[in-house]
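What follows is a single structure, written as structure tokens, with notes after it.
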Amino acid sequence: LKDVLLKSDHLKRSLLLKSDLLKDVLLKSDHLKRSLLLKSDLLKDVLLKSDHLKRSLLLKSDLERNDHIRRNLLEKLKLH
Numbered sequence: 072l073k074d075v076l077l078k079s080d081h082l083k084r085s086l087l088l089k090s091d092l093l094k095d096v097l098l099k100s101d102h103l104k105r106s107l108l109l110k111s112d113l114l115k116d117v118l119l120k121s122d123h124l125k126r127s128l129l130l131k132s133d134l135e136r137n138d139h140i141r142r143n144l145l146e147k148l149k150l151h
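Per our numbering, the very first residue in the sequence shown carries number 72; after that it's consecutive.
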């Protein structure tokens, strides 16, 4: 009976230890998910800013091109 009780106690301790390890793994998994979601949100923000910068640069390029065309037209009109 003592041997059975010792083995039973050993199994309980082993199960508790495994339970604690599982909780730790689940906490780390949850932390990783949150971290990945945060990184995903940061990446989305960076991509949005990148897109905004590209649009801004294209707009400036278009404005500069239009300004250049306007100047050329004005010069041609002055010559005539």
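Note that the Cβ used here is the ideal one computed from N, Cα and C, for glycine as well.
Since we're looking at a predicted model, the values are computed, not measured.
If you draw a straight line from the Cα of leucine 76 to the Cα of leucine 114, it is about 56 Å long.
Counting only the Cα atoms, leucine 128 lies some 28 Å from leucine 109. Membership of histidine 123 in the alpha helix (DSSP H) is indicated by the continuous run 73-150. If the five residues before and after asparagine 137 are omitted, its C-beta is found closer than 6 Å to no C-beta atom of its own chain.
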